[in-house]
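Residue numbers are given in UniProt numbering: position 504 of the sequence shown equals residue 504, and the series is strictly consecutive.
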Amino acid sequence: MKKVINMFIKKYQVKGIVQGVGFRPFVYRIAKKYHLNGWVLNDSNGVLIEVEGEQNNITHFIHDIEFNSPELAYVQEVKLIEEQESNNRYSSFDILSSQKHSSRQTLISPDTYVCNECLDELFDPTNRRFRYPFINCTNCGPRYSIIKDIPYDRPYTTMAKFPMCKECDKEYKDILDRRFHAQPNACWKCGPQVQLKTTDGTNVSTDNPIEKTIDLLKKGKILAIKGLGGYHLVVDPMNHEAVKELRKRKKRDEKPFALMSSQLDDVKNFAEITKNEETLLVSKERPIVLLNKKDNEFISLDVAPNNNNYGVMLAYTPLHHLILRGNFIALIATSANVSDEPIVYKDGDAIEQLKGIADYYLVHNREIFTRVDDSIVRGIDLDDEVIKLQIIRRARGYVPNPIDFKEGSTNVLALGAELKNTICLTKDEKAFISHRIGDLKNYKIYESFKNTIAHLQKIFEISPSVIASDLHPDFYSTKYAFDQKVLPVVQVQHHHAHMASCMVDNQLDGPVLGVILDGTGYGDDGNIWGGEFLIGDFLNYQRAAYIDYFQLPGGDKAVKEPYRIALGILTQIYGEQVKELPIKIISERNSFELDVLIKMIQKGINSPLTSSMGRLFDAVSALLGVRETVQYEGQAAIELEQAIDINNSSNPLLSYEIVASNGIRKIDIKPMFKELVSLILKDKYTKGELSYRFHYTMVHSRKCENNEY
Numbered sequence: 001m002k003k004v005i006n007m008f009i010k011k012y013q014v015k016g017i018v019q020g021v022g023f024r025p026f027v028y029r030i031a032k033k034y035h036l037n038g039w040v041l042n043d044s045n046g047v048l049i050e051v052e053g054e055q056n057n058i059t060h061f062i063h064d065i066e067f068n069s070p071e072l073a074y075v076q077e078v079k080l081i082e083e084q085e086s087n088n089r090y091s092s093f094d095i096l097s098s099q100k101h102s103s104r105q106t107l108i109s110p111d112t113y114v115c116n117e118c119l120d121e122l123f124d125p126t127n128r129r130f131r132y133p134f135i136n137c138t139n140c141g142p143r144y145s146i147i148k149d150i151p152y153d154r155p156y157t158t159m160a161k162f163p164m165c166k167e168c169d170k171e172y173k174d175i176l177d178r179r180f181h182a183q184p185n186a187c188w189k190c191g192p193q194v195q196l197k198t199t200d201g202t203n204v205s206t207d208n209p210i211e212k213t214i215d216l217l218k219k220g221k222i223l224a225i226k227g228l229g230g231y232h233l234v235v236d237p238m239n240h241e242a243v244k245e246l247r248k249r250k251k252r253d254e255k256p257f258a259l260m261s262s263q264l265d266d267v268k269n270f271a272e273i274t275k276n277e278e279t280l281l282v283s284k285e286r287p288i289v290l291l292n293k294k295d296n297e298f299i300s301l302d303v304a305p306n307n308n309n310y311g312v313m314l315a316y317t318p319l320h321h322l323i324l325r326g327n328f329i330a331l332i333a334t335s336a337n338v339s340d341e342p343i344v345y346k347d348g349d350a351i352e353q354l355k356g357i358a359d360y361y362l363v364h365n366r367e368i369f370t371r372v373d374d375s376i377v378r379g380i381d382l383d384d385e386v387i388k389l390q391i392i393r394r395a396r397g398y399v400p401n402p403i404d405f406k407e408g409s410t411n412v413l414a415l416g417a418e419l420k421n422t423i424c425l426t427k428d429e430k431a432f433i434s435h436r437i438g439d440l441k442n443y444k445i446y447e448s449f450k451n452t453i454a455h456l457q458k459i460f461e462i463s464p465s466v467i468a469s470d471l472h473p474d475f476y477s478t479k480y481a482f483d484q485k486v487l488p489v490v491q492v493q494h495h496h497a498h499m500a501s502c503m504v505d506n507q508l509d510g511p512v513l514g515v516i517l518d519g520t521g522y523g524d525d526g527n528i529w530g531g532e533f534l535i536g537d538f539l540n541y542q543r544a545a546y547i548d549y550f551q552l553p554g555g556d557k558a559v560k561e562p563y564r565i566a567l568g569i570l571t572q573i574y575g576e577q578v579k580e581l582p583i584k585i586i587s588e589r590n591s592f593e594l595d596v597l598i599k600m601i602q603k604g605i606n607s608p609l610t611s612s613m614g615r616l617f618d619a620v621s622a623l624l625g626v627r628e629t630v631q632y633e634g635q636a637a638i639e640l641e642q643a644i645d646i647n648n649s650s651n652p653l654l655s656y657e658i659v660a661s662n663g664i665r666k667i668d669i670k671p672m673f674k675e676l677v678s679l680i681l682k683d684k685y686t687k688g689e690l691s692y693r694f695h696y697t698m699v700h701s702r703k704c705e706n707n708e709y
């Protein structure tokens with residue numbers, strides 16, 4: 001009779017987010033649970049496990065790894081790489097030192113909010129970490145922002161300079177402890193410390209920098225506070241004069257400031273929260289969530305002027321909780337920078353660049369290696385129970401989690417666009433998208449762009465075979481691509497890239513009809529595209545339809561003064577007679593300005609053509625008197641949307657025409673503008689009603705085009 005073998009030694013490679021998330025202690029515990037011996041260690045590909053024991057127990061062990069791993073872990077693959085009959089090689093199960101291999105496929109956890117267990121200890125007077133502002137454990141704390149290299153072990157992070165004390169070292173080595181192999185583990189004795197500084201960098205004499213910070217905030221001072229991925233400028237939002245002063249110093253006239261609260265109940269004092277939004281607020285990513293304002297006596301009107309929303313996040317570090325809890329229902333926590341500059345994250349830069357903005361600096365000596373902004377999301381409430389969100393800014397909490405492809409690809413470095421830049425590196429079946437970098441016209445942001453490329457290539461060991469860049473010849477990202485002479489460059493049309501990204505998100509291969517409505521993108525014909533209907537797949541596309549071209553009088557100046565765009569469209573309709581229209585955007589202009597602009601428009605002088613939906617929204621906002629000039633990007637469209645009033649709109653559709661030319665369909669918006677002028681002159685419709693009719697018409701026009709294909 002053939003002998004049945006039930007005892008094996010098996011080696012597994014586990015890939016995914018499995019470092020710095022309590023994965024090895026988890027593996028140790030379940031190995032003990034199933035009476036298995038062997039070892040587990042971190043390597044450059046993830047986690048390597050060798051187990052010896054009965055086959056049935058090994059099967060249960062692998063099942064738990066795949067389906068019951070720690071909350072912060074993401075198990076992408078468990079691969080059996082070796083097996084043999086048992087020879088009683090092991091008598092225990094151990095956690096071994098990490099190994100570095102030549103090939104790297106490890107995923108890195110994003111920075112994570114402070115967990116409830118650590119919060120309980122933070123406010124427990126009997127705990128040795130009572131009120132320690134850097135308390136963390138295997139389940140929470142900094143990750144991506146402090147990692148210099150992989151594997152994720154303390155020597156490869158900015159915590160390397162903080163040797164653990166005996167108590168912390170004991171926890172770190174105790175397999176049953178919550179801080180077993182928690183790389184940022186620290187306490188009052190051995191870890192990072194906070195220090196309050198004046199504007200010239202001098203230490204403030206105080207026994208308790210945090211309590212002193214709270215006192216200064218209550219007195220209306222502006223504090224620059226070092227957080228997880230950079231500095232915040234922090235102000236009491238109930239202090240109207242302090243908020244106005246922050247706007248003045250930051251050169252931020254009207255763009256809303258983000259708010260931070262310690263607990264959900266605090267947020268409910270000043271904002272409406274749906275079930276979906278509550279789920280997003282308390283999610284492990286802790287993003288800024290856009291919430292509807294509630295009438296309240298707490299928050300200064302200058303926090304988010306002319307806006308129906310607050311951007312609110314819950315505190316995600318122990319330091320934030322120590323400042324907020326019991327002291328403020330909310331604090332302004334806005335990126336520490338001058339408008340259009342990158343968020344400050346280095347201590348020396350903070351003292352230098354925030355001079356004249358911050359009154360004091362609350363700093364700490366744990367280095368931030370990678371700058372990471374707060375993420376911004378919007379909840380989308382639908383009829384089902386599924387959590388829906390729109391990611392407006394993908395950064396802290398989400399980065400560097402990859403996006404999966406259906407199939408592997410060539411290693412590509414994709415450089416992104418000029419504005420709101422992010423970069424992307426692909427490897428095998430994954431796309432690693434960076435945090436939001438910013439607008440590349442700014443030199444400091446361009447330097448950050450280059451540093452981010454180098455850092456992501458290093459930690460994920462990706463050597464691109466090709467570079468993808470935008471079509472626009474003057475983008476700094478395009479110039480970066482062609483300045484290097486080693487790799488081939490593939491230029492991708494801006495809106496085709498948008499379509500392809502949506503195809504990846506929805507796991508589509510094509511062909512598809514892509515509807516891409518945005519602000520700006522360099523078109524194949526050299527014009528500015530932005531209201532596009534494309535048919536194609538990942539490789540090819542054809543322009544099936546678009547919003548008929550209109551002008552941007554003054555070029556970039558028209559983006560900041562959208563009344564110019566409205567005037568351009570009206571001039572197309574009425575010619576010289578536009579000056580006689582008794583509407584606000586005409587009557588408020590002096591005759592000289594009108595004459596100059598009309599000549600520019602009629603002769604096409606510095607008045608580039610665009611099909612941009614974003615600029616169309618701006619033009620309608622100006623025409624309706626909602627917003628004629630803007631202080632920040634998107635302001636005109638945001639306020640136009642928030643003005644919507646659906647009352648008394650039984651027949652909301654406005655006029656427009658769809659015309660064909662050379663096989664391409666164009667949406668002619670001139671009839672819509674002519675009708676809007678007529679409705680304005682009747683003086684019986686509110687801005688809100690006309691805004692609703694415009695939005696309704698744009699949706700209708702999109703449906704009509706979709707139905708044609």
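Note that the Cβ used here is the ideal one computed from N, Cα and C, for glycine as well.
Name, in chain order, the residues that DSSP records as bridge partners for residue i.
i	result
valine 515	Phe533
leucine 196	Leu362
cysteine 137	Cys140
alanine 271	Lys293
cysteine 424	Ala414, Ile433
Check whether the Cβ atoms of residue i and residue j sit closer than 8 Å, and answer yes or no.
i	j	result
isoleucine 108	isoleucine 81	no
arginine 393	isoleucine 376	yes
isoleucine 222	aspartate 347	no
glutamine 193	asparagine 203	no
alanine 619	isoleucine 586	no
serine 463	threonine 410	no
isoleucine 357	arginine 247	no
serine 611	methionine 600	no
valine 512	alanine 468	no
asparagine 307	isoleucine 638	yes
arginine 24	asparagine 42	yes
residue 742	leucine 681	The structure shown does not extend to residue 742, since the chain spans only 1 to 709, so no value can be given for it.
isoleucine 423	alanine 417	no
glutamate 71	asparagine 139	yes
glutamine 572	lysine 670	yes
In terms of alpha-carbon separation, which member of the options lies closest to residue i?
i	options	result
valine 47	Asp265, Lys33, Lys166, Phe26	Phe26
aspartate 548	Ala481, Gly555, Ile528	Ile528
asparagine 309	Asn42, Val338, Pro256	Pro256
tyrosine 476	Lys450, Leu616, Ala160	Lys450
valine 282	Lys294, Glu83, Thr571, Ser262	Ser262
tyrosine 231	Pro151, Glu367, Met499	Glu367
arginine 179	His320, Asp94, Gly22	Gly22
In its own chain, which residues sit with a C-beta less than 6 Å from the C-beta of residue i, not counting the 5 before and 5 after it?
i	result
tyrosine 74	Gly16, Ile17
isoleucine 288	Ala258, Gly311, Met313, Asp374, Ile376
residue 717	In this structure the chain extends from 1 to 709, so residue 717 is not present and cannot be described.
tyrosine 156	Lys148, Asp149
In chain order, what residues of the same chain have a beta carbon less than 7 Å from the beta carbon of residue i, not counting five sequence neighbours either side?
i	result
histidine 495	Ile516, Gly521, Trp529, Glu532, Leu534
glutamate 241	Gly220
aspartate 381	Thr274, Asn276
leucine 690	Leu624, Leu676, Leu679
threonine 317	Val114, Gly227, Leu228
valine 234	Leu217, Leu223, Ile225, Leu331, Ile332, Ala333
phenylalanine 460	Arg104, Leu425, Lys427, Phe432
aspartate 177	Glu171
lysine 584	Gly625
glutamine 13	Asn45, Gly46, Leu48, Lys79, Ile81
tyrosine 692	Ile644, Asp645, Ile646, Ser649, Pro652
Tell me whether residue i, by its Cβ, gets closer than 7 Å to a heavy atom of the ligand PLP.
i	result
alanine 636	Of ligands this structure carries none, so the ligand PLP is not represented either.
Who are the Cβ neighbours of residue i in its own chain at under 8 Å, not counting the five residues just before and after it?
i	result
leucine 322	Leu122, Arg131, Pro133, Ile210
arginine 378	Val289, Leu290, Leu389, Gln390, Ile392
Using a Cβ-Cβ distance under 8 Å, would residue i count as near chain B?
i	result
glutamate 641	Reference to chain B is not applicable here, since this structure consists of a single protein chain.
Practice prompt. Please specify which runs of the beta strand (DSSP E), each continuous and at least 3 residues long, are wholly inside the UniProt domain "Acylphosphatase-like" (9-97), giving them in chain order.
Written response: 37-43, 46-54, 74-85, 93-95
Discussion item. Suppose only complete runs of 3+ residues qualify. What are the beta strand (DSSP E) ranges in the stretch 471-516, listed by chain order?
Written reply: 489-492
Worksheet item: Taking only runs of the beta strand (DSSP E) that begin and end inside the stretch 159-199, which ones reach a length of at least 3 residues, in chain order?
Response: Counting only unbroken stretches of 3 or more residues, the beta strand (DSSP E) elements lying wholly within the stretch 159-199 are 194-197, in sequence order.
Discussion item. Suppose only complete runs of 3+ residues qualify. What are the beta strand (DSSP E) ranges in the stretch 312-381, listed by chain order?
Written reply: 331-335, 360-364, 376-379
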